[in-house]
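Numbering (the working numbering), first residue to last: 375 to 509.
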């Protein structure tokens, strides 16, 4: 009977450990993005990946030389975004937006995070009209 109790206790402990492991494994965005800078882009959403642990919006825009570039905008987990009021319709491909956020540290890349989204008419896009905002 003692062995059976130890097996049950071990199974419970293993289950708890597996639930906590993903939380411990989360990482900081500081390595990938430079919070001391801010970038802006205006363009059209071409693709959206709504997933966990991070969602992505791809925005086609012109760079400072007028060349087309695709910005990769990293957002939070889709499950958390839905909880906070985001919907798929808000980020539909073809939507024209202005986006501001912190840039990727990778040289020559067009990535950003902690983005604030603004509609073509100037109104904020996001739950409560706030979007994600650079602090």
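We put the CB at the ideal spot given by N, CA and C, even for glycine.
| request: Kindly confirm or deny that the region 449–460 and the region 421–428 touch, where touching means at least three C-beta pairs closer than 8 Å. | output: Three or more beta-carbon pairs drawn from the region 449–460 and the region 421–428 are found closer than 8 Å, and the two stretches are therefore classed as touching.
| query | If you run the structure through DSSP and keep just helix, strand and coil, what is residue 457? | reply | Note: residue 457 maps to helix in three-state DSSP.
| Whole-angstrom distance between residue 500 and residue 439, CA atom to CA atom | If I take the Cα positions, the gap works out to 30 Å.
| request: Confirm, please, whether the CB-CB distance from residue 483 to residue 476 is below 8 Å. | output: Contact: no.
| Extent of the continuous beta strand (DSSP E) run through residue 490 | Per DSSP, residue 490 belongs to the beta strand (DSSP E) from 485–493.
| said: Can you list, in chain order, the residues of its chain with a C-beta nearer than 7 Å to that of residue 424? Leave out the 5 residues immediately preceding and following it. | reply: These residues qualify, in order along the chain: 452 and 462.
| field | Endpoints, the beta strand (DSSP E) within which residue 477 is located | value | Per DSSP, residue 477 belongs to the beta strand (DSSP E) from 470–477.
| C-beta atoms of residue 471 and residue 493 nearer than 8 Å | Closer than 8 Å, so yes.
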